Each structure stands twice: as structure tokens, then as C-alpha cells.
Amino acid sequence: MASIKGLQSSTESDQQPIGDNTSTPVVSLKRITKTFPGGIVALDNVSLEVYRGEIVALLGENGAGKSTLVKIVYGVYTPDKGRVYVDGKPVFFKNPRDAIRKGIVMVSQVPQLIERLTVAENFLLSLESVGLASPFTLTSRISKFIERESEKYGIPVNPEAKVWSLTYTQKQMAEILRAIVIGARVLILDEALTYLPVIERRKFTKFLLEFKSHGGTVILITHKIPEALESSDRIVVLRRGKIVATLGKEEADAETIRRHMFGEESKRLTEALPRSKPGKRKIIVVERLRVLDDYGREAVRGVSLSVFRGEVVGIAGIVGNGQSELVEAIAGLRRAVDGRIVIDDVDVTNKGAKAVRSIGVGIIPDHPLRLGVSADNTIVENIAALFSKQLVIDWTEMRRLAGHVIKKLNVKASSEDDPVKTLSGGNIMKIIIGRELLYAKKALVAYNPTRALDEVSAAAVRGAIKSRAINEGLAVLFASEDLDEVLELSDRVYVINTGQLYGPFDLDTTSRDEIEKYMVM
Amino acid sequence: MIAGILFYATILALMGRNPVEVIYALARSFVSPGIVKDFLILSMLGYALYVSFKGALFNIGGEGQFYIAAIGVIAITLSLMPWSPGQSTAKTILVIVLAVFVATLLGGLWGLLAGVFRGYAGIDEVPVTLLLNYVAYYTVDYLVYSIFRGRHTYGYIRTDEIPEAYRLNYYLPPRTSSGEGLLGSLSSLAYQFLREFALYYAWVIGLAVVALVVYFVMYRTRLGLLIRIHGSNSDYLRAIGVDVCRVAVATLALSGSLVGFTASLYVLGYLGRLPYPVEESTANYGYIAILVAWLAVLEYKLIPLAAYIVAALRDAGINLQVAQLGGTEQTFISIGLLLTVFTVVKVFTEYRIEVRHSG
Ligand SMILES: Nc1ncnc2c1ncn2[C@@H]1O[C@H](COP(=O)(O)OP(=O)(O)OP(=O)(O)O)[C@@H](O)[C@H]1O
Ligand SMILES: [Mg+2]
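What follows is the structure, encoded as C-alpha cells:
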């Protein structure tokens, strides 16, 4: 029943499948154009066919149009021109529910499950909404399914557990399982796997292969090229709203893909970062810090560390080991139940964000859309809220700062007055990073500082952070789930595991394997 | 909008009214000079509530802020600085300015109180402002019954009339001859409008002041920016080190003070005294203004338009004597209908846009 025939021939979109392939594509886009207010052409005459039983990776730099493309397939946006076909028939989705009814389900980076309900209850709600269950359906049947499936792939999810008690991995797992349960034939993953630990991601990959072998289709968006190479049959590269390459598994390698994604700029990726020479003074000092998470569990268990002037200290660790809470506590956004935080010789323990900010500390928090920006407001308004201190705002000056951030981080926006929510995921992140780098005078505290960024932008941001440390003595403390990033950017490395800190490790004498060991033990 | 009016007419028709008569009455209300008064007051209050709604703070305490402020005007003009024959113009102006100022302050205080509950005790502002309306009513009632009870009221329990010198009205003489034909009646209508505007000249100035202040605060100052961000993501404010509680307090205080300012002009320009019990004779502006802000979909520019529509509907409702109900009920019926219609129309337009796109 698994049909993987379409793969080789489907590279020539818009044409009849050739060779022995006679199957109709499960989803096909014909000459799709989407322009947004402000004149940005997000998609320019894009045609793409996706077949049963294949995994297609959609790659492209920030703002290339990836999310827009899948949102059109998912019924979030309607195209200005062109048509979407499902099983060869034109469809006009008004909302995601229409898409779901046709078996198209999207999972993004942010888990959408309702936190207060159990996993099974969440499933039941979705099943009801597509008419696959009635309010009287027993959750026990759903629970059985969840247990069976989660066992099969080795990602334990307890169907009776409240969603809030799950780890990020389990939530994402639950969400993907839910997509299958409600009848997904086409699974769209918009950076959904990016933040999973490597081991779990492998399990997911296995899961996707299994799904594929039963005729399922996956459209996978990621900024991690290895992730795409690992699992996909075909790689489609978008650039500035156009498909610039469609590569079969055999012809695709990281180098080629990068060249298509970034053109000339891909050369910049190979530059290694210099080490900084830390000063003598400690800027950030954390002593025996204990912090609770949102549910009262101890997330940070007695962490002590220090960051010198001009030093970049990285904390490696798998998502959900207390990094987020640690960063929030230092930023003054979360109470410490015990311990001390001193920044630039000022005790800021439980003094709130204002005290921390007034020292000149930049913060790149977890949950960027909640704590990093106000998405309804414009770029310049978001910047003015942090920078403007006078009663009457000097908008000219604020525009200048916004323009500076846009230029410096190469943000794709039509003007400083764009509402932040109209930017692509990566470009929103760039606004946050740029603003905080500009604000940081003494220290920068960050969590996943390059999340959602494409490789070139991520490298540029790491370069910018490092040069602030080297040239201006900025003390940088960051946590990242990307071990490569930690190894590349840090002068000193810690590992956080279940709220406890290990290290510091000297990068000259410690191997990557050793650090990884602490992460997973 | 047209659809809304037709729908409104249909409903009234179903209630046993002659549809032609209803439509005629409605149409007449939209060009009636009688709505100038409501238009001006509702525009000002609409802007006052716009401030708090923009900050996602649902100030439904306009009523309370209004009457608490009104009692301030009574206190100044009748009690603390009563008019004495032959007093200087300077003093008269001073008293008026002071009355407006005190009313603004009191309205702001009433809003601030709600803000403190909301900001520091974490209690939702909707029940708080609602409750404060009743506290205000009873406080005002008590004061009118006791210390501000008038002596020249023909036995009624109410305050005395505010002296003529403090009243903010300008009377244009009625026009004697108005020409012939259509042109004549048009010019006579225009003159009637002019008379209304002149009569409430202080409100025209007041509206200009309120509109400017609101625009300036919301779009030029840091507070306004923080209010607007508070309305969409207060967590972001917290993350950049802003005291979110203080923003909530300031928002409600500002909104309340604009209500208070409006109330002072209303008392000095129209009401002239406070009745007892006040809650039974209010025009419910504090509540109706919620509709104005809402109908304007929180768009700064649309507030006056929304105020105009609501004023006209209110006028029509009163003229039509819907089901022999009292003034308030009529207003609420017309407003309720309008809300329904507005929602239905909105749903339909959105639906239509999508159909067009996919077709
Ligand atoms: N609702 C919107 N209104 C206006 N412009 C938009 C809207 N959504 C997307 N855009 C613009 O369309 C372009 C493509 O955005 P899209 O989100 O598809 O990019 P992307 O490839 O997913 O990028 P990223 O890797 O950063 O997530 C961007 O320039 C963005 O600013
Ligand atoms: Mg995206």
C-alpha cells in the first residue's frame, strides 16, 4: 500500500509525472502567489507537488516563505493567485479545520495542547471537532492507542497525565500522535522537531519513516540541514518566495543545499570564532540558586556560577532541565526561593526585572513571543518600550534605533512600522536579539539565542555576541540546547542536568563526548 | 451599517410598529439637531474609555466616575465657592476652572481606585469598576440628601441649581425668517445645528481637548505606548522591567479623569443640578459610551462616528417609544439590536471576503 513511486519524478513540478509514476499527488500547489500588505511578495508563482509516502523537507533562509507556503496548504492563508489541489481536486480551505478534514495537519514549534487537560482529553476534543468522536467516546480507547504508539517509538507519553506535567519532547510527541489519530495523511512540521534532543529526534525520525511506509506524507520545515538530510526523500529550497532547487536524496548534500539557500553568503559559515580574553572582574555571580518552575517543582537546584567581564559562558543541556527558569531568575522574571544573584556588584535577587535592566543587562528569554516582543505592536514601538525613558517619546530617535537593529541583523521587514506579528519567525527573533544586543551594556543573559534563525543569521549573531564580549567587555551567559553552538561560542562551558550544574569545563581539555555524557546521564 | 438599520427597523416592525414610520423616525434622528448634545458627550466619553480599552482594561465604571466627578462640581459651585452678586469675572472663571479641575481629579481618583484593586490586589477590573459605580451612586445620593441638599427646590430632594454665571452655554437667538423651499429648510436645519453647537460650545472645546490629549498621550508619550502594549502583551512589559501594576493604575486613572472632565462639562453645560436618587435619573452615558468605544472597534478616528450613530439611535429609540418602555430600556434595546447587527454584519463581510478570494 505504501506508495513511494512519486519521488524521483516529482522534481519537475507543474508537469505530468513521468516514467512509471501514475499516482496523483496528494497535495499540489499550482502557481501560488501570496503578497502581504506592505508589498512583500512572500510567495511568487510557486508550484509544488507532494506525493503519498514521501517526506519533503522545505528549506530556506529566514523570511523565504516557508511558513507562508504551508499555512496556505493548511488553510490559514488563502493565496492571491494559484490553486491548491488535494488528491487532484481543487480545494478552498477557509480555515485549518477544513484542511484537517482532508487529512492535512500542521504541528509547529509551540505545543498547542491545552495544559490543564490530560493528553487523552486533548485528543478527545480534537477528535470531536473533526467529527471522529462524540462527547460520549471513552477516553480509555484513546489512551490505549496512545500507550501502544508511544511504546512503539520509545517515547513514553502517559495518556492520563496532565499536559502541563509533560516535558517539551513529550508534548511534541503527543501533538504529533494526535495529528495521526485525527486522521492525518499529510503531516506538516514547521520547525516542530528543531528543539528536541538528538536522541528523541532520532526516535521521531523513525516514527516518521513508519508513518511514511503506511502511505503518509510529511512536509518538514527546519533550519537544521542535517535534520533534513537525515529523514527526507526530497529537499525543496525556497529563496525569496521562489523555489530555487528541488533535490532528490542522492544529489543532496549540505554544501549544495547551503549554496542554494544562501548563495554567496554561505561561504561565511566556515569562519571560526576567536576566543575572548576575560577580564578579572566578575560581572555575573550566582550562588546556590534555587528556583521553582510554573508548577512549583524545583527546576534549578542549587546552581552557582560566575561570568567574568568579557567572557562568554555557555550552559549546555537538553531542553527542560532548568535553563529556562535559570535565565528567567537572573533576568528578574522569576523568584528565587533560595540563593543569590549579583550583577555588577549589585544584589538583584528577587528585585524584579527593573533592577536588572537598570544595570544594563540584555535578556533573550525563552518564550520569545510572550516575553520577547509584543507581537501586535510595531517594531519601533517594541524598541521604544525598552529604550525610551522620557515622558514624551522621541520617535525620530526610536526610529533610528529600530532602523539600526533592522540593518545590523538584516531583518526582512518593509519598514520600522511593521507590526511584529507580520514578520517571519526568524525575523521576529532577530528583532529581539538586535534590540537586546543594543541594550546590553554590562551583560547579556540568553536562552537559545539563535533559535529559529537560519544558519547564516545564526552565525552572524554568534559573531556579534562574541565581538561585543571581546571588544566591549560584555559578560555573556547563555544556555542553548544546541551543543555545537555552546561549543563554538563559549569560552567556558557548564552542563545543566535536572536543575544541577556541572563544570565548568575547559574546552581545550574536555571532549565533546564527555560533555554529552553529563547532558544525558 | 445600512443593513443594521434595516434589520433594526424589521425588528421594531415585528414588535408591532409600522416599518415606514420606523425608518422615517430613524432617518430623521440621523439629521436631527437634537443629537448634537449626545454626540458631543458620547464622543468625549468614548475617547475616555478608548484609553482604558486600548490597555485591555475594561473600565465599565464610567457611570461612577461620572457622578463622583459631578458631585465635585456641585461642591465647588454651590458649597465651597458659592456665587455672590457682583463677584468679579476673574473669580467666576476661577471657580469654573476649579470645578472642572476637581471633577477631573475625582473621576481620576475613582478610576485609580479600580486600578489599585486591579493592579495590586489582582482583582478583575470589571466587577471592581461595576461595584464602584454603586458606591458612587450611593455616595452621591447621600451627599445630595444631606450636605448638598438644596433649599430652593420646591420640596424636591435635589441640589440647588448651579448659578447662571457658572453655566457654560451660549444662546443664539432663534431665526425668524428662513427662506423658501428646500434650500430654505436646509439652511434652517443648518442654523438649528449651529444653535445646538453654540449652546454646548464648551463641549465642543472639551471634545477638542479630550481628543487631543488622548491622541498625544496614546501616541506620543511613553505612558501611552505602555498602555497600548499592556493591551496586547503585558508579559513583554514585565520582561523589559516595567511595573505593570503601575501601568494598570495609570490607565484607569487617566480614563477616569477624562470621564470626570466630561462630567463637569455636562453638569455646567446642561444638567445644572443633581437629582435624588441619582441612579434613577442618569442618562447612562457611562454605559452607553462602552458601546461607542466598542463600535469604533477601538479605532481613534472612528470614535466620533460611532458616537454620532449611537446618539442617533438613542434619539430614535426615545422618539419611537419602543414598547412603552422607559428611556433607559429603549436605549438598551436599540443598543442590543445594534450589537447583534454589528456582529452579524461583521461575520458576513468576513465570510464574503473569503469566498471572493477562493473563487
Ligand atoms: N501576516 C503577514 N503579514 C505581512 N507579512 C507577512 C505575514 N506573514 C508573513 N509575512 C512576510 O512574508 C515573508 C515570508 O514569511 P514566512 O513566515 O513564510 O517566512 P519563513 O520562510 O517561514 O521564515 P522563518 O524561517 O523566519 O520562519 C516575510 O517577509 C514576512 O515578513
Ligand atoms: Mg517560519
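In order, the protein sequences belong to chains A and B.
Using my numbering, the first residue of the first sequence is number 1, and each one after it goes up by one.
Using my numbering, the first residue of the second sequence is number 1, and each one after it goes up by one.
Heads up, the beta-carbon is just placed ideally off N, CA and C, and yes, glycines get one too.
Since this is a predicted model, take the numbers as computed values, not measurements.
From the DSSP output, in three-state form, read off residue i for me.
| i | result |
| --- | --- |
| ASN45(A) | strand |
| THR315(A) | Correcting the residue identity first, residue 315(A) is Ile in this sequence and not Thr. If DSSP states are grouped into helix, strand and coil, ILE315(A) belongs with the strands. |
| PRO419(A) | strand |
| TYR270(B) | helix |
| ILE278(A) | The residue you asked about is not Ile; residue 278(A) is Pro in the sequence shown. PRO278(A) falls in the coil class under three-state DSSP. |
| SER480(A) | strand |
| SER213(A) | helix |
| SER511(A) | coil |
| LEU127(A) | helix |
| ALA58(B) | According to the sequence displayed, residue 58(B) carries Phe and not Ala. Correct three-state label for PHE58(B): coil. |
| VAL119(A) | helix |
| THR221(B) | strand |
| THR77(B) | helix |
| VAL102(B) | helix |
| SER88(B) | coil |
| ILE283(A) | strand |
| ASP141(B) | helix |
| VAL35(A) | The identity of residue 35(A) in the sequence shown is Thr, whereas the question assumes Val. In the structure shown, THR35(A) sits in a strand (DSSP, three-state: E or B). |
| ILE428(A) | helix |
| ALA299(A) | strand |
| VAL128(B) | helix |
| VAL20(B) | helix |
| GLY119(B) | helix |
| LEU220(A) | strand |
For residue i, count neighbouring Cβ atoms within 10 angstroms of its own Cβ and tell me buried if that reaches 16, exposed if not.
| i | result |
| --- | --- |
| TYR154(B) | exposed |
| ALA306(B) | buried |
| HIS223(A) | buried |
| HIS230(B) | buried |
| TYR518(A) | buried |
| GLU367(A) | According to the sequence displayed, residue 367(A) carries His and not Glu. HIS367(A) should be labelled exposed. |
| LEU295(B) | buried |
| ASN427(A) | buried |
| PRO25(A) | buried |
| ILE90(A) | Looking at the sequence itself, residue 90(A) is Pro, so the reference to Ile does not match. When all chains shown are included, PRO90(A) counts as exposed. |
| MET218(B) | buried |
| LYS66(A) | buried |
| LEU325(B) | Only weak support exists for where LEU325(B) lies, its pLDDT of 48 falling under 50; the coordinates are left without a value. |
| VAL242(B) | buried |
| LYS171(A) | buried |
| ILE343(A) | buried |
What residue from the options has the CA that sits closest to residue i's CA?
| i | options | result |
| --- | --- | --- |
| ASP524(A) | VAL237(A), TYR494(A) and ILE182(A) | Lying outside 1 to 521, the shown extent of chain A, residue 524(A) is not represented and no answer is given. |
| LYS441(A) | VAL73(A), THR68(A), ILE283(A) and GLU481(A) | ILE283(A) |
| LYS212(A) | ILE188(A), ILE199(A) and GLU200(A) | ILE188(A) |
| GLY314(A) | SER480(A), LYS71(A) and GLY103(A) | SER480(A) |
| PRO96(A) | ALA329(A), VAL27(A) and GLY75(A) | GLY75(A) |
| THR118(A) | LEU132(A), LYS162(A), VAL130(A) and SER150(A) | LYS162(A) |
| GLU151(A) | TYR168(A), ALA174(A), GLY131(A) and SER129(A) | ALA174(A) |
| ALA464(A) | ILE330(A), LYS71(A), VAL286(A) and LEU437(A) | LEU437(A) |
| TYR134(B) | PRO277(B), TYR236(B) and LYS301(B) | PRO277(B) |
| GLY248(A) | ARG240(A), ILE257(A) and LYS242(A) | ILE257(A) |
| LYS421(A) | GLU311(A), THR396(A) and GLU381(A) | GLU381(A) |
| LEU194(B) | PRO173(B), GLY206(B) and GLY184(B) | PRO173(B) |
| MET261(A) | ASN62(A), LEU501(A) and GLY38(A) | ASN62(A) |
| ILE303(B) | VAL36(B), SER32(B) and TYR50(B) | TYR50(B) |
| LYS576(A) | ASP294(A), PHE92(A) and HIS404(A) | No answer is possible for residue 576(A): the residues shown for chain A start at 1 and end at 521. |
| VAL198(A) | ASP338(A), GLU210(A), ILE155(A) and LEU305(A) | ILE155(A) |
Would you list the one or two residues that DSSP bridges to residue i?
| i | result |
| --- | --- |
| MET106(A) | ILE188(A) |
| ALA336(A) | VAL291(A) |
| ASN497(A) | GLN500(A) |
| GLU325(A) | In the DSSP output, where bridge partners are listed per residue, GLU325(A) has none listed. |
| ALA245(A) | VAL237(A) |
| TYR447(A) | ALA479(A) |
| THR378(A) | PRO419(A) |
Quiz item: What are the complete alpha helix (DSSP H) segments, minimum 4 residues, inside the region 265–311 of chain B?
Solution: 285–295
Practice problem: Identify every run of the alpha helix (DSSP H) within the region 211–261 of chain B, keeping only runs that are complete inside it and at least 4 residues long; order them along the chain. | Solution: 222–232 and 234–239
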